[in-house]
Amino acid sequence: MIHLKVLKTNDLLSLGEYQFQLPRVYIGSSVHNNLIIEDKTLSKELGVLKSIGHHLVFETSSAYKVNSKSVEGIIRLEQNDILECQGIQIQIIEFQKSDENDFQDYYKYLERIKEEDPAKYDFIQSLEEHYVTLTGKYDNDLLEK
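According to numbering that gives the first Met the number 0, the sequence shown is numbered sequentially starting from 0.
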């Protein structure tokens with residue numbers, strides 16, 4: 000779960016709080032993002048907030064600031080941090096800290112049902128492939144081919 004608040008943007012309808020029950024939140028002007036900000040000056044795919052273990056990180060190819068300080072690369076974000084990128088401001092309200100074993104448990108579960116219930120396994124695999132096809136987003140630590 001990632002809970003955030005859009006503080007500043009040219010798209011006034013995007014202002015406000017959002018709560019995503021996802022480990023990743025893609026941000027940008029494209030309809031393929033989780034947080035869509037309709038602003039022609041904003042990149043289609045601005046960046047992604049990722050909840051990894053006990054940390055939240057932001058990945059982008061654009062220059063950005065955290066708490067008004069310029070940042071390079073990927074850094075860990077904390078509650079109440081304010082992220083600024085391409086003219087938008089987003090406050091991190093809260094994020095769920097997950098056990099890093101969650102992904103390992105998921106893959107163990109997939110291996111188990113691959114033998115026990117092949118139809119269920121094939122269905123889950125097709126859902127994952129459909130997600131990748133629709134969004135164009137493939138993350139090695141989330142999905143495996």
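Backbone N, C-alpha and C fix where the C-beta goes; we use that ideal spot for every residue, glycine too.
Quick caveat: nothing in here was measured; it's all calculated off a predicted structure.
Counting only C-beta atoms, is residue i closer than 9 Å to chain B at any point?
i, result
"Asp-10", "Chain labels in this structure do not include chain B; a single protein chain is all it has."
Can you give the Cα-Cα distance for residue i and residue j, rounded to whole angstroms?
i, j, result
"Thr-82", "Glu-128", "Note on identity: in this sequence residue 82 is Leu, with Thr being the wrong assignment. If I take the Cα positions, the gap works out to 31 Å."
"Ser-28", "Val-70", "22 Å"
"Val-5", "Leu-109", "36 Å"
"Ser-61", "Ile-87", "12 Å"
"Gln-90", "Asp-104", "31 Å"
"Ile-35", "Ser-13", "8 Å"
"Ile-112", "Val-131", "22 Å"
"Phe-57", "Lys-107", "28 Å"
"Asp-10", "His-53", "32 Å"
"Lys-119", "Val-24", "27 Å"
"Lys-144", "Pro-117", "With a pLDDT of only 37 at Lys-144, under 50, the local geometry of the prediction cannot be trusted, and the value read off the model is given with reservation. Whole-angstrom Cα-Cα distance: 16 Å."
"Leu-133", "Ile-26", "16 Å"
"Leu-196", "Glu-115", "Since the first and last residues shown for the chain are 0 and 144, residue 196 lies out of range."
"Tyr-17", "Glu-77", "17 Å"
"Ser-50", "Arg-75", "10 Å"
"Asp-80", "Lys-7", "14 Å"
"Thr-59", "Cys-84", "9 Å"
Contact check, residue i vs residue j under 8 Å by CB: the rounded distance?
i, j, result
"Leu-41", "Asn-33", "With 8 Å as the limit, Leu-41 and Asn-33 do not qualify as a contact, their Cβ atoms being about 14 Å apart."
"Leu-55", "Phe-94", "5 Å"
Give the DSSP bridge partners of residue i, in chain order.
i, result
"Val-24", "Leu-48"
"His-129", "In DSSP, His-129 forms no bridge with anything."
"Phe-122", "According to DSSP, Phe-122 bridges with nothing at all."
"Ile-1", "Phe-19, Phe-94"
"Lys-107", "Per DSSP, none; premise fails for Lys-107."
The stretch 35 to 55 in contact with the stretch 107 to 127 per 3-pair CB rule at 8 Å
With a cut-off of 8 Å, the stretch 107 to 127 and the stretch 35 to 55 do not count as touching, because too few Cβ pairs lie within range.
Could you tell me which whole beta strand (DSSP E) segments of length 3 or greater appear in the stretch 28 to 97?
46 to 51, 54 to 58, 63 to 65, 68 to 70, 81 to 84, 87 to 94
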